[in-house]
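Note that the protein sequences, when read in sequence, are chains G and C. Under the numbering used here, the residues of the first sequence are numbered 1 to 207, in order. Under the numbering used here, the residues of the second sequence are numbered 208 to 414, in order.
Protein chains: 2
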Amino acid sequence: MRTAGQAEAPQKVPGNQPKTARGEATRKAILSAAERVIGAKGYNEASIGHITSEAGVAQGTFYIYFKTKEEVFSELVLEMGRLVRHTIADATQNIQNRLEAEKAGLSAFLEFVRAHPDLYRIVQEALFVDPEAYREYYTAFEDGYRAGLSAAEAAGQISAGDAETRAWALMGIARALGEQLVVFNTEKPIPDLVATAYDLIANGIKP
Amino acid sequence: MRTAGQAEAPQKVPGNQPKTARGEATRKAILSAAERVIGAKGYNEASIGHITSEAGVAQGTFYIYFKTKEEVFSELVLEMGRLVRHTIADATQNIQNRLEAEKAGLSAFLEFVRAHPDLYRIVQEALFVDPEAYREYYTAFEDGYRAGLSAAEAAGQISAGDAETRAWALMGIARALGEQLVVFNTEKPIPDLVATAYDLIANGIKP
DNA sequence: ATGAAACATGAATCAGTATTCATGTTTATT
DNA sequence: AATAAACATGAATACTGATTCATGTTTCAT
């Protein structure tokens with residue numbers, strides 16, 4: 001475990017790591033069922049019974065792999081964070097110009113959100129179920145974002161301005177548009193959303 | 208109703224409207240206690256017992272004024288919506304220039320959020336507890352926002368661009384900065400946040 | 001002043017559901 | 001093929017907490 005290669009937080013030990021292929025598969029099935037069920041019903045309405053029956057295992061099996069209901073939830077939030085950051089990093093890593101990277105990153109984020117609406121809602125709910133995971137999720141983002149903006153400013157690719165506040169504002173834009181897709185089911189195609197947002201981010205709205 | 212003047216939604220009948228001054232006071236006490244308790248602990252952790260004891264009344268008294276736990280929650284979300292819209296409308300109504308109005312509105316919003324952190328968290332949680340109230344909250348905002356942007360565009364006060372998407376993006380910025388205050392407890396003074404955000408909104412970040 | 005409507009009480013009900021556990025079954029190693 | 005460790009089961013436990021209700025108390029119109 002602790003996956004050399006990525007090196008994520010080494011703190012808390014998971015309930016139980018599977019030691020055979022069968023166990024591995026069962027754990028994954030439960031995690032994936034939890035994503036769907038919690039994403040759809042919310043944390044409180046989603047019972048262990050719902051999750052295990054969706055996963056096709058007995059109720060007690062859940063506790064072989066997770067200590068508590070909250071633990072599986074936290075794991076989902078962490079996974080969401082890793083996936084999103086990875087997706088965005090992939091989409092932007094070869095782009096030198098910051099403004100172009102901004103556009104590509106936003107687009108990749110929105111595609112991801114549309115493909116994983118459950119994970120999106122789970123992160124929202126983390127504010128109440130697991131506040132620390134929630135803060136970590138956004139703080140990890142903000143760290144990278146701010147660093148990118150500072151570098152771009154130093155390189156003269158963007159104008160001067162407080163990188164931290166800008167990072168939060170830009171994340172807010174992405175989040176709001178993601179919510180359009182997942183919660184409000186807008187008809188607008190992602191490229192249109194990205195185009196409008198990009199124009200706002202690059203040029204502002206002054207005449 | 209699309210809000211002529213005040214005229215809020217007349218649809219659903221509340222559990223029970225008080226008919227005496229005493230009842231009025233008790234109902235208000237419960238509602239206010241609910242705001243504090245639910246805001247602090249979240250919907251699920253906040254029990255009726257917590258709320259009534261915070262309000263200084265017996266448990267059964269709750270059900271004289273509210274049919275269910277969910278009903279008091281929904282009422283809080285509605286109240287939050289009314290208050291925020293009212294606050295922003297007040298702060299911007301005498302400002303002709305759209306960009307200036309944007310700045311004043313954002314500032315008023317952030318001050319409000321700082322003064323009512325509980326209400327802010329309650330709206331977030333509505334996505335799971337009462338999704339319809341959540342959508343109404345943001346849709347009501349968006350309606351006004353979009354109309355304002357369209358008018359400003361027609362008047363040549365801002366550049367051309369899709370008003371709906373812009374409205375969502377700008378709301379996203381406000382929301383993200385509000386979260387900075389309430390969830391992440393930033394040290395930055397509100398005027399600094401507003402200044403950075405305003406520069407972004409007006410001019411963008413291109414060099 | 002008085003009776004009916006409003007309001008208030010808090011103990012009892014009732015249901016849901018997270019978690020545990022005693023008991024089997026499967027897998028991997030020898 | 002035998003055995004210990006892993007894995008799986010689902011019924012039983014244990015507890016929480018929303019809602020109800022039978023019984024007072026207060027308010028107010030007459």
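The beta carbon of each residue, even a glycine, is placed where N, CA and C say it ideally should be. In this text the structure is predicted, and so the values were computed from the model without any measurement.
Is S281/C buried or exposed, if buried means 16 or more other CB atoms sit within 10 Å of its CB? buried
Contacts of E286/C in chain G (Cβ-Cβ under 9 Å): The premise fails here: E286/C is roughly 20 Å from chain G at the closest Cβ pair, so nothing lies under 9 Å.
Own chain, CB closer than 6 Å to Q180/G, minus 5 neighbours either side, in chain order: If we look at Q180/G and ignore the five residues flanking it on each side, its Cβ neighbours are T186.
The alpha helix (DSSP H) with I64/G in it runs from where to where? 62-65
Just to confirm, are G178/G and V84/G a CB contact at a threshold of 8 Å? no
Within 10 Å of its beta-carbon, does S47/G have 16 or more other beta-carbons around it, so buried, or fewer, so exposed? Within a 10 Å sphere around the beta-carbon of S47/G sit fewer than 16 other beta-carbons, which makes this residue exposed.
Please compile the residues from chain C whose C-beta is within a distance smaller than 7 Å of the C-beta of P207/G. G363, Q364, I365, S366
Option in E278/C, A236/C, Y272/C, Y270/C with minimal Cα separation from E261/C: A236/C
Taking only beta carbons into account, state which residues of the region 48-71 of chain G come closer than 9 Å to chain C, listed in chain order. Listed in chain order, the positions of the region 48-71 of chain G with a beta carbon within less than 9 Å of a beta carbon of chain C would be empty, since no residue qualifies.
Any beta carbon from chain C within less than 8 Å of E8/G's own beta carbon? Because the pLDDT of E8/G is 38, which lies under 50, any placement of that residue in the model is unreliable, and the number read from its coordinates should be weighed accordingly. Interface with chain C (8 Å Cβ-Cβ cutoff): E8/G is excluded.
Taking the CB atoms as reference points, tell me whether I302/C and F316/C lie closer together than 8 Å. no
So with CB distances below 7 Å, who are the chain C contacts of D199/G? Within 7 Å Cβ-Cβ: G368.
If you count every other CB in all the chains shown that lies within 10 Å of the CB of G49/G, and 16 or more means buried, which is it? It is exposed - the Cβ of G49/G has fewer than 16 other Cβ atoms within 10 Å.
Closer than 7 Å at the beta carbon, the chain C residues around N185/G: Here the premise fails: no neighbours, minimum Cβ distance about 10 Å.
Any idea what DSSP makes of P18/G, helix, strand or coil? coil
CB I201/G to CB L170/G, shorter than 8 Å? yes
L149/G versus A298/C - alpha carbon distance: 32 Å
Taking any Cβ of chain G, which residues in the region 293-320 of chain C have a Cβ under 8 Å from it, in chain order? L306
A358/C, buried or exposed, once every other Cβ within 10 Å from all chains shown has been counted against 16: Of the other Cβ atoms in all chains shown, fewer than 16 fall within 10 Å of the Cβ of A358/C; this residue is therefore exposed.
Backbone CA spacing between Q213/C and Q93/G [nearest angstrom]: Caution is warranted here: a pLDDT of 40 is assigned to Q213/C, below 50, making its placement in the model unreliable, and the coordinate value is therefore given only provisionally. Answer to the nearest angstrom: the Cα atoms are 51 Å apart.
If you compare alpha carbons, which of V77/G, A154/G, T139/G, E100/G is closest to L119/G? Among V77/G, A154/G, T139/G, E100/G, the Cα nearest to that of L119/G belongs to V77/G.
Thinking C-beta only, is Y405/C closer than 8 Å to K310/C? yes
Using beta-carbon positions only, say whether L106/G and I158/G come within less than 8 Å of one another. No; because the gap between Cβ atoms is not below 8 Å, this pair is not in contact.
Touch test, the region 129-143 of chain G against the region 326-339 of chain C, Cβ-Cβ under 8 Å, three pairs minimum: Segment contact: the region 129-143 of chain G against the region 326-339 of chain C, fewer than three CB-CB distances shorter than 8 Å; contact not assigned.
Is it right to say A33/G is buried, meaning 16 or more other beta carbons lie within 10 angstroms of its own, or is it exposed? buried
If you count every other CB in all the chains shown that lies within 10 Å of the CB of L400/C, and 16 or more means buried, which is it? buried
What number of angstroms, rounded off, separates the C-alpha of P131/G from the C-alpha of K395/C? 22 Å
Could you work out which residue in N97/G, K69/G, G204/G is closest to G156/G when comparing CA atoms only? The option with the nearest alpha carbon to G156/G is N97/G.
If I measure Cβ to Cβ from V57/G and keep anything under 8 Å in the same chain, skipping five residues before and after, which residues do I get? Once the five neighbours on either side are set aside, the close Cβ partners of V57/G are T26, A29, I30.
Pick out whichever of E45/G, N203/G, F62/G has its Cα sitting closest to the Cα of E24/G. F62/G
Every unbroken beta strand (DSSP E) inside the region 305-359 of chain C [3 residues or more]: none
Would you tell me roughly how many angstroms separate the C-alpha atoms of R382/C and G172/G, rounded to the nearest one? 7 Å
In chain C, which residues lie less than 7 Å from N16/G when you measure between Cβ atoms? Correct list: empty, because the minimum Cβ distance to chain C is about 26 Å.
Could you tell me whether the Cβ of G148/G comes closer than 8 Å to any Cβ of chain C? no
Residues in the region 162-173 of chain G with C-beta within 9 Å of chain C's C-beta atoms, listed in sequence order? D162, E164, T165, R166, W168, A169, L170, M171, G172, I173
Taking only the alpha-carbon atoms, compute the straight-line gap between K41/G and V183/G and give it to the nearest angstrom. About 14 Å.
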